[in-house]
Every structure is written in C-alpha cells, then in structure tokens.
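Engineer: Residue numbering for the sequence shown follows the numbering used here, starting at 61 and increasing by one per position. I'd like to ask some things about the structure below.
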Amino acid sequence: MFYKFAQFLAGIYIFAFHRVKVCGKDNIPAEGGAILCANHASAMDPVLLGVCIKRQVHFIAKKELYGNKLFSAVLRWLGAIKVDRAVTDMTAYREALNLLKAGGLIGIFAQGHRLKDLDARGAKSGVALFALKSRVKVIPVAIKSDYKRFGRVSITCGEPVSLECPPAQRKLDAKTLAEATEKIMLRVNELLEAR
C-alpha cells in the first residue's frame, strides 16, 4: 500500500518535470521472480524505475543509506533490501533469494555505486549470484538521461539474458559468476549504446 502511494506521488513529479519514454516493458514478466539489472548514474535512477515499472521493485540498497532514521524507515516501507558491501552479507543474500523464490521483482545496480560511464568489468557479481541460485530471469535495463529538469529520460528494458545454470551439485565459482556478470552488463551496455 505504501509503495503504491509513494509510486503515485513520485510519478506526479517525474512526469511533470521530465519527458519520459519507456521501451520494452513487455520484457518484464507480469508475475514471478525476476531481476532488473540497470546502469546507475544518478540517485534518481531507483525513483525512475520505481515509477515507470508497474510492479513493485525491491531495490538492493547499501547500508550507508540507512544512517537517517526517517529515510531508513522509508526504505523498509518500500521493501528495499539492506546490504553491507564491506562483507559477505548472508542476511541480505537470504532475503533476496527468498523474495525471488516467492515471486518478487528485485532491482540491482550491479556497478555498486553511481558511475557516469558503464564499466562491465567493475560490476559486482551479486546479480549473477542471485540469478543463478534462484534460476530467475535477468532483464537488462538502460537508463539514459541528463537528469535535468524538463530533460528527456529514456528507459529501455531488454529481453531477458539467458544464463547457463551449472548442475545443482556443482558449486558456483568466481569464474562462472564473473562470466555471467559480464554477459549481463554487456547487454546493458548494448542497450545504452543503441539509438
């Protein structure tokens, strides 16, 4: 309920002050677990995706965002998943996997922090880990904008990236995760470069 209310309020601002175009929304499944993996250049990116994607998006949010009590409460109400990037955060890992298995939609900015230019090699492997463990679809998303008032915003949702899941008895190693992450991020980059 709170998410829909926040989505409505944020939508009023976004559509009043930006010219928004969204392509490929049909690539996002109407139900069932899935991961949105997008580039990240501005703090506005989660708001843009949250407004333009009909389903509730549970974003992976760094723990540093939870320093303010009010903002921390808002993030919890929005269904964000807090992650400590300095350690292997098993609590966040289990929460994300359980949410995906329950049919939730997770939003991840695999770069880990805001970057003006996409670097596929510098992306975190969390998106690949969640996808391979839960066996859900990964939808690459490209956000293009100058983020200025009355500027254009283009959001393109690509076709799901096909990842080869290793046999259940085989452990996911660093090489498998790196290759899967690179495959996802290269697709995001292709969407960014497309006219």
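Every residue gets a Cβ at the ideal spot worked out from N, C-alpha and C, and that includes glycine.
#1: Let me make sure I understand the geometry here. Which of T148, A101, D206, Y63 has the alpha-carbon closest to that of A133?
#2: Can you name the residues that DSSP bridges to A202?
#3: Using only the alpha-carbon positions, how far apart do L69 and C225 sit?
#4: Does DSSP put I168 in a helix, in a strand, or in coil?
#5: If you draw a straight line from the alpha carbon of V82 to that of K197, how long is it in whole angstroms?
#6: Are at least three pairs of beta-carbons, each pair with one atom in the stretch 137 to 144 and one in the stretch 90 to 97, less than 8 Å apart?
#7: Using only the alpha-carbon positions, how far apart do F131 and K122 sit?
#8: Check R174 in the structure and name its three-state DSSP category.
#9: Between which residues of its own chain and Q171 is the CB-CB distance below 6 Å, once the five residues before and five after are set aside?
#10: Can you tell me whether DSSP reads I88 as helix, strand or coil?
#11: Around the C-beta of G218, are 16 or more other C-beta atoms found within 10 angstroms, so that it is buried, or is it exposed?
#12: Taking all protein chains shown into account, decide if G163 is buried (16 or more other Cβ within 10 angstroms of its Cβ) or exposed.
#13: In the DSSP assignment, the beta strand (DSSP E) including V117 goes from what residue to what residue?
#14: Just list the residues that DSSP pairs L96 with in beta bridges.
#15: For C112, report the span of its alpha helix (DSSP H) as first-last.
#16: Taking 8 Å as the cut-off, decide whether the C-beta atoms of T241 and V201 are in contact.
#17: Classify D105: buried if its beta carbon has 16 or more other beta carbons within 10 angstroms, exposed otherwise.
#18: For R212, tell me which candidate among Q67, I74, F65 has the shortest Cα-Cα distance.
#19: Assuming K161 is part of the alpha helix (DSSP H), what are its boundary residues?
Structural biologist: Result, derived from the coordinates:
#1: Working through the sequence shown from its first residue, we reach residue 133 at position 73. Measuring from the Cα of A133, the nearest candidate turns out to be Y63.
#2: As a position in the sequence shown, residue 202 is number 142, starting the count at 1. For A202, which the question treats as bridged, DSSP gives the partners T216.
#3: The residue labelled residue 69 in the question sits at position 9 within the sequence shown. The residue labelled residue 225 in the question sits at position 165 within the sequence shown. Between L69 and C225, the C-alpha separation is close to 40 Å.
#4: As a working mapping, residue 168 is identified with position 108 in the sequence shown. Of the three classes helix, strand and coil, the one that applies to I168 here is strand, per DSSP.
#5: On the sequence shown, residue 82 is found 22 positions in, with the first residue counted as 1. On the sequence shown, residue 197 is found 137 positions in, with the first residue counted as 1. V82 and K197: Cα-Cα distance of roughly 20 Å.
#6: Counting Cβ pairs under 8 Å, fewer than three are found: no touch.
#7: The residue labelled residue 131 in the question sits at position 71 within the sequence shown. The residue labelled residue 122 in the question sits at position 62 within the sequence shown. Distance between the alpha carbons of F131 and K122: 13 Å.
#8: Within the sequence shown, residue 174 is the residue found at index 114, counting from 1. For R174, the predicted model reports a pLDDT of 49, less than 50, meaning its position is unreliable; a value from the coordinates is still stated below. Three-state result, R174: coil.
#9: Here residue 171 is taken as the residue at index 111 of the sequence shown, counted from 1. Around Q171: H100, A183.
#10: The residue you call residue 88 lines up with position 28 of the sequence shown. In the structure shown, I88 sits in coil (DSSP, three-state: anything other than H, G, I, E or B).
#11: The residue labelled residue 218 in the question sits at position 158 within the sequence shown. By the neighbour-count rule (16 or more Cβ atoms within 10 Å), G218 is buried.
#12: Numbered from its first residue, the sequence shown carries residue 163 at position 103. Counting Cβ neighbours within 10 Å, G163 comes out exposed, since fewer than 16 surround it.
#13: Translated into positions along the sequence shown, residue 117 becomes position 57. According to the DSSP assignment, V117 belongs to the beta strand (DSSP E) that extends over 117 to 122.
#14: The residue labelled residue 96 in the question sits at position 36 within the sequence shown. Paired residue(s): G167, I199.
#15: Residue numbering aside, residue 112 sits at position 52 when the sequence shown is read from its first letter. It spans 105 to 112 - the alpha helix (DSSP H) in which C112 sits, taken as one unbroken run.
#16: For the purposes of this step, residue 241 is taken as the residue at position 181 of the sequence shown. For the purposes of this step, residue 201 is taken as the residue at position 141 of the sequence shown. Cβ atoms of T241 and V201: not closer than 8 Å.
#17: Taking the first residue of the sequence shown as position 1, residue 105 is located at position 45. Classification for D105: buried.
#18: The residue given as residue 212 occupies position 152 in the sequence shown. For R212, the nearest C-alpha among the options comes from I74.
#19: By one-based count along the sequence shown, residue 161 stands at place 101. Taken as a continuous stretch (DSSP letters only), the alpha helix (DSSP H) holding K161 covers 150 to 161.
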